[in-house]
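Encoded as structure tokens, the structure appears first; notes follow it.
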Amino acid sequence: MMNRDEDIHRSCVVIDGHCDTLLELYKHKRSFWEQNNHCHLNWPLLQMGKVNLQFLAIYIEPEYKPYGALCRVMELLDHYHTISSEGEIQLKTILKKEDLSLLAPDTSCMYLLAIEGGEVLEGKISTLRILSKLGIRCMTLTWNQRNKIADGVWEKDSQGGLTTFGREVVKEMNRIGMLIDVSHISEKGFWDVISQSNKPIAATHSCCAALHKHPRNLTNEQLAAIKANKGIVGINFYPGFLGEGEITIDTVIEHLEYAVSVAGIDHVGLGSDFDGIDKTPLGLSSPADLPQITKKLIIKGWSREDIRKVLGGNYVRLLQNTLP
Ligand SMILES: [Zn+2]
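So for the sequence shown, my numbering puts the first residue at 362; every next one is plus one.
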């Protein structure tokens with residue numbers, strides 16, 4: 362017999378807006394289908410956590426930037442299809458609004474393909490359109506450094522916003538139905554995207570600067586802007602963004618609750634960053650631990666409806682408003 366916590370978790374569509382697992386699998390020749398594959402995230406662990414949609418970001422390592430990024434992304438995208446063909450079941454990729462109707466609390470995990478770093482475009486809008494035809498539905502405009510779209514958060518002195526090309530990219534992403542991810546972008550770049558985008562955006566894996574001052578975290582003003590934009594902030598599980606000292610699942614809950622207090626219950630989700638981070642919070646080391654988040658929220662007195670929104674409902678709405 363299931364207890365109440367498990368019952369609530371099982372009744373929700375669960376969505377994680379960011380992980381870098383594809384690179385880990387490819388680089389270290391690990392099997393996605395095996396639970397003990399030394400990755401944070403794999404097929405058995407996603408089923409154990411009852412995850413229904415996992416964003417799979419293709420992270421571009423610095424040695425492939427600026428030139429070589431597109432080719433590297435092709436290798437990793439090809440690897441996604443290789444994984445799918447080698448498994449007992451085919452991986453289902455979310456491509457359009459109608460696919461969202463396939464998402465249900467009891468379905469096995471589906472995937473949304475993303476790219477972490479606008480370097481992939483190598484300065485060409487045509488590349489963006491072709492990547493969309495290849496199934497990419499989300500792109501993080503920058504990583505921490507400057508690229509042809511904007512500066513990343515580590516460009517502390519310049520903090521440049523969207524370039525002319527960056528503005529074109531935003532416009533075209535809006536038009537073709539690719540979700541704009543503003544995690545990693547400079548603050549000026551963030552505000553430019555907010556003013557330029559006519560669709561909701563996401564910071565797929567970012568935390569709250571008010572709880573822990575870090576250039577990768579979002580200020581209250583940014584969280585409020587995401588609310589006004591009808592977007593989402595996905596709370597990152599990286600201890601370095603969450604705080605100092607011992608970081609546990611409770612610290613993640615603190616950031617979730619804080620983000621909700623500023624951005625509102627309709628604009629917060631999960632963005633684990635699994636396999637993109639070298640440490641995980643105590644009690645939250647893989648998707649199999651996600652039901653523990655639900656349990657903590659129940660103990661905190663959250664309603665079933667609010668839990669449903671943060672676990673995945675908000676992401677479903679965002680994708681309804683952005684996908685082609
Ligand atoms: Zn990242």
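For every residue, glycine included, the Cβ atom is placed at its ideal position computed from N, Cα and C.
Asked	Found
Limits of the alpha helix (DSSP H) - the one that Ile369 falls within	Arg365 to Arg371
Extent of the continuous alpha helix (DSSP H) to which Val554 belongs	Glu548 to Gln557
Cβ-Cβ distance between Tyr425 and Leu383 below 9 Å	no
heavy atom of ligand 1 below 8 Å from Ala585 C-beta	no
Any 3 or more C-beta pairs closer than 8 Å across the stretch 578-586 and the stretch 604-612	no
Residues that DSSP places opposite Asp377 in a beta bridge	Gln415 and Leu631
Distance, Ser445 Cα to Asp366 Cα	32 Å
Whole-angstrom distance between Ala465 and Asp627, CA atom to CA atom	19 Å
For Leu631 and Gly378, the rounded distance between their alpha carbons	6 Å
Close-in-space but distant-in-sequence residues of the same chain around Gly538 (CB under 7 Å, 5 per side omitted)	Thr683, Leu684 and Pro685
According to DSSP, residues forming a beta bridge with Glu477	Tyr420 and Thr501
Assigned secondary structure, Val543 (DSSP; H/G/I helix, E/B strand, else coil)	coil
Heavy atom of ligand 3 within 8 Å of Thr501 beta-carbon	Ligand 3 is not among the ligands present in this structure, which contains only ligand 1.
Alpha-carbon to alpha-carbon, Val543 and Gly693	The chain is shown only over 362 to 685; residue 693 falls outside these bounds and no answer can be derived.
Cβ-Cβ distance between Val374 and Leu406 below 9 Å	no
Nonlocal neighbours in the same chain, by C-beta distance under 6 Å from Asn398, ignoring five residues either side	Arg391 and Ser392
Closer than 8 Å: Trp515 CB and nearest ligand 1 heavy atom	no
For Ser372, the nearest candidate out of Glu666, Lys458 and Asp439 (CA to CA)	Glu666
Between the CA atoms of Gln506 and Ser514 - distance to the nearest angstrom	The sequence shown places Val at residue 514, not Ser. When rounded, the distance between both Cα atoms is 7 Å.
Reduced DSSP category for Met362 - H, G, I as helix; E, B as strand; rest coil	Bear in mind that a pLDDT of 45 at Met362, under 50, signals an unreliable position, so the model cannot answer this.
C-beta contact flag for Thr655 and His370 at 9 Å	yes
Assumed close pair Thr501, Ile476 - CB separation to whole angstroms, cut-off 8 Å	7 Å
Cβ neighbours of Leu572 in the same chain (closer than 7 Å, five flanking residues each side left out)	Gly604, Glu615, His616 and Tyr619
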